[in-house]
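Reading through the structure tokens given below for one structure.
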């Protein structure tokens, strides 16, 4: 008997409900299940106002609804086919963040917004040290420098940090960008700030800056052939020490006396070509270790030639993954354009010169890995030239623009020098000679005049040296005068090699 009483006592709490709860559920049951059968409804609505939806529910179920002012502005899209009334009501209200209450024993349902519970929130301000929150003025400035030449004042991607912070906020959190102080104002629950601060700390880092040193030489094709420059083999990069790779330079023409019959480099050549056993390999495409001093030697030799023109020797500081552009161009007249202004009797023809930019354009986009010291370079050199037009009447007043260029992506080590060549162009010139006095006589003087047309092939050779900079070097860079990427004669570490190269250079000049 005691055991039976115990079991009954255990189940009594499950059967006993508060009076208010019993009344609530009895009211719902009374209107939703009038005959112990679940009533169903069907609806097909698009962009329907929530008030209209509640009205249709009332008509089909007999339930009465009172909607708050927050409900009237909501629109609903729904398709229901024989869905129980109670399920339809719950789903429609939940999808719009609504709920309902029943007052007493009435059949009136009050529909209102779900009230958020009181949650403790806190606000913190995070000034960004390196990333930049773009303002309207800054955005317009950056757009003017789409091909940026760099700048130590500009930081990383502030918009990316804002998006990342929004991704880790709770449903009660928010973030506000304050561009004036370059700060983020974050409001959220206290437990979320550990993740927020960790995200900001990982993303608000200094963007690596790349120093790009460039030397552009316009060389006569004969001089390039003298140096043995042959393009079309594997890309080559020369480092500050030495780099094993396929060299596009052929040293036969300059140092043929320094390569013995066994194919071994000896003599003065060892000042800039490390001792290598070449065997019977083709000397034009041998695998060789060309030192930094050897590269400097080659550039010095090219400069000493009277037909070599140094187009530019810039140094550009750019951010990682930003494009730097070097442009050496001329706004050249290539034709004539005519336009008519005014109307009827006041019509006037205006003639203007049609112009186009010609010259050399080099764009470089570095992507550096600071940990490995490797830099992926996207390089695009272009040569734009205007040549005389021909083949039609009046062609002497017009010019055709020709563009030659290439695109390449390669990986180099920090401090390596990249050599780009093969961009050829032709310079045409007319030379006229005549016998004095007699050559000026009309008709008869034609026999004493001579016109000679010459064409000179020239080649653009570009040396590019990227270097990943740390903060200490940036300050030194700002106070250091520009030097050539492969011409550092002032460096005391290579003064002896420079002296030896000057002696070899004098020897070569005497031979050629």
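In this note's numbering, the protein residues as written are 16 to 527.
Quick reminder that beta carbons are idealized off the backbone N, C-alpha and C, glycines included.
Query: According to DSSP, residues forming a beta bridge with residue 212; Result: Partner(s): none; residue 212 has no beta bridge.
Query: Given residue 535 as reference, the closest of 388, 385, 415, 65 once Cα atoms are compared; Result: Lying outside 16 to 527, the shown extent of the chain, residue 535 is not represented and no answer is given.
Query: Buried or exposed by the 16-neighbour rule on C-beta atoms within 10 Å, applied to residue 35; Result: For residue 35, the predicted model reports a pLDDT of 42, less than 50, meaning its position is unreliable and no value from the coordinates is stated.
Query: Same chain, Cβ closer than 8 Å to residue 158, neighbours up to 5 away in sequence not counted; Result: Confidence is the limiting factor: at residue 158 the pLDDT is only 49, short of 50, which leaves the residue's position unreliable, though a coordinate-based value still follows. Hits under 8 Å: none found.
Query: Between the CA atoms of residue 424 and residue 152 - distance to the nearest angstrom; Result: Its pLDDT being 47, under 50, residue 152 is placed unreliably by the model, and nothing is read from it.
Query: Coil, strand or helix - residue 236 by DSSP; Result: helix
Query: Inter-residue spacing [alpha-carbon to alpha-carbon] between residue 295 and residue 228; Result: With a pLDDT of only 37 at residue 295, under the threshold of 50, the placement of this residue in the model should not be trusted, and no figure is reported.
Query: Classification of residue 224 by the beta-carbon crowding that lies within 10 angstroms, buried from 16 upward; Result: buried
Query: Residue 211 to residue 196 span [Cα, whole Å]; Result: 19 Å
Query: Best match in 427, 349, 69, 123 for proximity to residue 405 [C-alpha to C-alpha]; Result: 349
Query: Beta-carbon proximity check, residue 72 vs residue 56, cutoff 9 Å; Result: yes
Query: Status (buried if at least 16 other CB within 10 Å, exposed otherwise) for residue 79; Result: exposed
Query: Cβ contact (3+ pairs, closer than 8 Å) linking the region 336 to 350 and the region 182 to 195; Result: no
Query: Element boundaries [alpha helix (DSSP H), containing residue 456]; Result: That residue, residue 456, is in no alpha helix (DSSP H); it is neither H nor E in DSSP.
Query: Residues that residue 63 bridges to, as DSSP identifies them; Result: 91
Query: Sheet register partners of residue 350 (DSSP bridge); Result: 369
Query: For residue 143, the first and last residue of its enclosing beta strand (DSSP E); Result: Neither: residue 143 is in no beta strand (DSSP E) and is coded neither H nor E.
Query: Paired residues, beta bridge with residue 203 - DSSP; Result: 137
Query: Backbone CA spacing between residue 221 and residue 435 [nearest angstrom]; Result: 31 Å
Query: Inter-stretch contact at 8 Å, needing at least 3 Cβ pairs: the region 121 to 131 / the region 192 to 207; Result: no
Query: Helix, strand or coil at residue 70 [DSSP, three-state]; Result: helix
Query: Enclosing alpha helix (DSSP H) for residue 104 [first to last residue]; Result: 100 to 110
Query: Contact check, residue 375 vs residue 342, beta carbons under 9 Å; Result: yes
Query: Identified DSSP bridge partners for residue 420; Result: 397
Query: Nearest-angstrom Cα separation, counted from residue 438 out to residue 481; Result: 21 Å
Query: Option in 326, 429, 396 with minimal Cα separation from residue 389; Result: 429
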